[in-house]
Each structure stands twice: as structure tokens, then as C-alpha cells.
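Asks: Below is a structure I'd like to ask you about.
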Amino acid sequence: MIISGTLPAHVQQAVNALCAGELLGLPTETVYGLAADARNENAVAKIFKTKGRPANHPLIVHVASADSVAHFASDVPAFANQLMSQFWPGPLTLILPRKAGQAAAAAGGQNSVGLRCPSHPVALEVLQACALKGVWGLAAPSANMFGRVSPTTAAHVQSELGQDLLILDGGACHVGIESTIVDCTRGVPVLLRPGQISRAQIEVACGLKLAHPTALQTESPRASGTLASHYAPAAKVRLMSATEWRQALEALGPHTQNLALWSFEKPATELMGAGFLWRGIPKQADLAAQQLFSVLRDFDARGVRNIWIETPPDLPEWEGVRDRLKRAAA
Ligand code: TXA
Ligand code: MG
């Protein structure tokens, strides 16, 4: 059931459900999350079951502010505090040493915990109301079945997880791809997942270079979003250069049924056969990120079997989008 994030009574209903150990489809600025009280093991178990996600894959715990970090993490390094003060609330997740005995199930049994304070006003309202009731954090992975495309609208969540789930509608997500994840447990910051907040922004904010994970001796944490194949729509995704998709379209001639193309330039009319679908990639990386998952979902919903996507430029601002596209195509 979808309820409105702009109606106080509905927000209250969502908060009550969370505090009672129920699940909630929660809007954030990145993607919708499937939220539960991070310290309630039964509630967290429901997340893993609903998503079909292996229980050893850790979840991100969302908090109302940096003040709540101490409930879940200990020995927070100075550079992590700098990142929080610079980017929270916002699309940045920090992996921190987990406080003993806290949110073990949500952390997938690891001795670290991923924390994030989202900037979506509805998410913050829910988190603040939960904190007043002693629920200091909400575990929330993206609200999709394991390995599938993340949802960026309430309707996506419903089509992914069904009518029975309570979903708080906060509109379409502004960022559109998941948060940047920085591991802060290894003495130096390590980028685990690229997102809207770039490498350069992180390095400037904490005055440290991001370390390359393979250059470090310590063991790398598990991160499911970093599996080679992830964010996959039902259709087969192929990444191509502009020259490649043009040549491939010429070779197909009129046989373009069940084919969709997401590219910067529109193909010449004579190259677009029957049943062919085209959408333009915005030239601005932030806008492309915002549209990425809903474009993939839309193509799927129209029964497309093959999705061709023009590879975005190899520039820092495109890193998050390129990462998701590579995994969708894997
Ligand atoms: O933007 C986002 O981060 C969204 C919204 C809902 O906040 N959430 C999200 O959650 O993308 P999820 O579960 O789909 O991806 C979380 C990623 C996974 O790759 C997980 O393995 C990693 O974070 N992660 C969480 N806790 C971790 C930990 N303690 N150590 C290493 N990786 C962790
Ligand atoms: Mg996910």
C-alpha cells in the first residue's frame, strides 16, 4: 500500500509500523530503501527474506544525524568525521567499526557497520520521529529483489515487492543511483562504490588520497553492490560506442523489434525500424543518473528484449553511472 509522505498522519503511520518491527518502503534522495528497525533482529530478518538477499550481505543503517553514529559505531577516525560534517545529510555511506553488540544482524555479522544520513526530507522526518521513540537507526537496502534494478519511485517499489508492503511516497528520487560508499575501517579512506559524490570531492573534504583496495594488506569487506552482475533489468544490456550502435542498427535493417536504445544522439529515422524504442541520455551526468534506473525499468515494462546503451564518457562525473551500466551489462 502506498501512503503519502506529505501527510503527517501517513508519516506517523509509517513511523509506528517501523517502531513495531514492520517493514517500510522509504524514500531517500538516492533510491527507495526497504527499511526496518536496525536493532530488531526479527525485523531485519524480514528484509533479507523479502529481498531474497543472502543474510551475510550487510545492510546500510540510516541515521537522523551524525549524533546517532555513536549508537552503532566506535573508534570513528577523524577523516570519517570530516566526511560526515561535509556531506551529511547526503548520498554518502561510511563503513565504520561496529560498536560491540549493536545491529549485528543488519551488519551481516561483520564487525563493521555502514552508516548514512540521507537528505530526503521525508526520510529525515521518519528518522527523527523514530529516534524520539528510541529507534536510533533504520537498516535499509535498496527496495528491489536481490541483484535487480533499484527503485526510484514508490510505484517501482510496489511493482518490485508487492501490494502488501507499506510504502511512503516521497516522489521520484533526485540522485537516482545509490550512495557513494567509503570504507573508513582501514586507516585510510577506500572507495567501495562510486556515486554522485566523487572521488575528488571526498579527497578534498578529508585531505587524504583514496587508497586502492588491492594496495592494502587488510581484508576487504563484502559489498553486494560490488558484485560484477548487479542492477540488472530483465532485458539483455549491451554497452556500445556511438559508432558501434550505428553500425549495428544499419546491419539490422528493419529487424528492430524488441530493441531499445539509450544514446546521446537520436539515430537517423531510416535506422529506426518497427517496434524500435529510443530515449536520449542527458548530456549532464547528474541528470543521466537520475533517469538511469527508471529508463531501464521502462524498457523492461514495454517488453524490450535487448537494450543498447551508449557508453558515457570516461570522465569523473560519469563514474557512478558507468559503474551501474557495466554491472547491468555483465
Ligand atoms: O543509496 C543507498 O545507499 C541506498 C539507499 C536506500 O540508502 N541503499 C543501498 O543499499 O544501496 P544496498 O543494500 O542496496 O547497498 C548497500 C551496499 C551493499 O553493497 C553492502 O554490501 C554495502 O553497502 N555495505 C553495507 N554495510 C557494509 C559493511 N559493513 N561493510 C561493507 N559493505 C557494506
Ligand atoms: Mg541494492
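Residue numbers (this note's numbering): 126 to 455. Just so you know, even glycine gets a beta-carbon here, dropped at the ideal spot from N, CA and C. Since we're looking at a predicted model, the values are computed, not measured.
If you drop the 5 nearest sequence neighbours on each side, which residues of the same chain put their C-beta closer than 7 Å to that of P319?
Replies: Same-chain partners within the cutoff: T305, E444, G445 and D448.
Asks: Just verifying my parser: in three-state terms, what is the DSSP assignment at V136?
Replies: Here V136 sits in helix by DSSP.
Asks: Could you tell me the distance, in whole angstroms, from the CA atom of V186 to the CA atom of I127?
Replies: So the two alpha carbons sit approximately 23 Å from each other.
Asks: Assuming contact is defined by CB atoms lying nearer than 8 Å, are L219 and L208 in contact in what I supplied?
Replies: Yes. Within cutoff.
Asks: For the beta strand (DSSP E) containing A385, name the first residue and the last one.
Replies: A385 -> beta strand (DSSP E) spans L384 to S388.
Asks: What is the DSSP secondary structure of E147, counted as helix, strand or coil?
Replies: Note: E147 maps to coil in three-state DSSP.
Asks: How is N141 classed by DSSP in three states: helix, strand or coil?
Replies: Helix at N141.
Asks: Find the nearest neighbour of C309 within the set R363, L440, R223 and C298, judged by alpha-carbon distance.
Replies: That would be R223, whose Cα lies nearest to the Cα of C309.
Asks: Specify whether the stretch 291-300 and the stretch 266-280 touch according to this definition: at least 3 beta carbon pairs, one from each stretch, less than 8 Å apart.
Replies: Segments in contact, yes.
Asks: I'd like the list of long-range same chain contacts for V136, defined as Cβ closer than 8 Å, with 5 residues on each side in sequence excluded.
Replies: Once the five neighbours on either side are set aside, the close Cβ partners of V136 are G130, V247, E250, V251, A254 and L293.
Asks: If we call anything under 8 Å between Cβ atoms a contact, is G398 one with G378?
Replies: Cβ atoms of G398 and G378: closer than 8 Å.
Asks: Run the proximity test for S304: is its beta-carbon closer than 7 Å to any non-hydrogen atom belonging to the ligand MG?
Replies: Incorrect: S304 has no Cβ contact closer than 7 Å to the ligand MG.
Asks: Please classify A413 as buried or exposed, where buried requires at least 16 neighbouring CB atoms within 10 angstroms.
Replies: Answer is buried; the Cβ neighbour count reaches 16.
Asks: Consider the C-beta atom of F187 and the heavy atoms of the ligand TXA; say whether any pair is separated by less than 7 Å.
Replies: It should be pointed out that residue 187 corresponds to His in this sequence rather than to Phe. For the ligand TXA, at least one heavy atom lies less than 7 Å from the Cβ of H187.
Asks: With 16 other CB atoms within 10 Å as the buried threshold, where does S349 fall?
Replies: At S349 the pLDDT is 48, less than 50, meaning the model places this residue with poor confidence; the figure from the coordinates comes in the next sentence. Label assigned to S349: buried.
Asks: Nearest to E395 by CA position, among A357, T381 and V169, is which residue?
Replies: For E395, the nearest C-alpha among the options comes from T381.
Asks: In chain order, what residues of the same chain have a beta carbon less than 7 Å from the beta carbon of K391, not counting five sequence neighbours either side?
Replies: Answer for K391: W403 and G405, listed in chain order.
Asks: Assign A168 to buried or exposed, taking buried as 16 or more other Cβ atoms, counted over all protein chains shown, within 10 Å of its Cβ.
Replies: Buried is the call here.
Asks: With a threshold of 8 Å, are at least 3 pairs of Cβ atoms found where one atom belongs to the stretch 200-207 and the other to the stretch 158-168?
Replies: They do not touch, by the three-pair rule.
Asks: Any idea if N165 is buried or exposed, counting beta-carbon neighbours within 10 angstroms, 16 or more meaning buried?
Replies: Per the 10 Å Cβ criterion, buried.
Asks: Can you tell me where the beta strand (DSSP E) holding N431 begins and where it ends?
Replies: N431 -> beta strand (DSSP E) spans N431 to E435.
Asks: For G312, count neighbouring C-beta atoms within 10 Å of its own C-beta (all shown protein chains included) and say buried if the count is 16 or more, exposed if not.
Replies: Answer is exposed; the Cβ neighbour count stays below 16.
Asks: Please classify M209: does DSSP put it in a helix, a strand, or coil?
Replies: Looking at M209 - three-state DSSP - the assignment turns out to be helix.
Asks: Report the three-state DSSP secondary structure of S304 (helix, strand or coil).
Replies: Coil at S304, not helix or strand.
Asks: Considering only DSSP beta bridges, list what P222 is partnered with.
Replies: DSSP lists S237 as partners of P222.
Asks: In whole angstroms, what is the alpha-carbon distance linking S74 and R363?
Replies: The question about residue 74 has no answer here: the residues shown for the chain are numbered 126 through 455.
Asks: Since A445 is in the alpha helix (DSSP H), which residue starts that stretch and which ends it?
Replies: Here residue 445 turns out to be Gly, not Ala, going by the sequence shown. Per DSSP, G445 belongs to the alpha helix (DSSP H) from E444 to A454.
Asks: Are Q415 and G301 touching if we call contact CB-CB under 8 Å?
Replies: Taking 8 Å as the Cβ cut-off, Q415 and G301 qualify as a contacting pair.
Asks: Using 8 Å for Cβ pairs, my map puts W501 next to E328. What's the rounded Cβ distance?
Replies: Residue 501 lies beyond the range of the chain shown here (126 to 455); nothing can be said about it.
Asks: Have a look at I322, P338 and R178 and flag the residue whose alpha-carbon is nearest the alpha-carbon of F271.
Replies: Closest by alpha carbon: R178.
Asks: Can you list, in chain order, the residues of its chain with a C-beta nearer than 6 Å to that of G233? Leave out the 5 residues immediately preceding and following it.
Replies: N181, H182 and P183, listed in sequence order.
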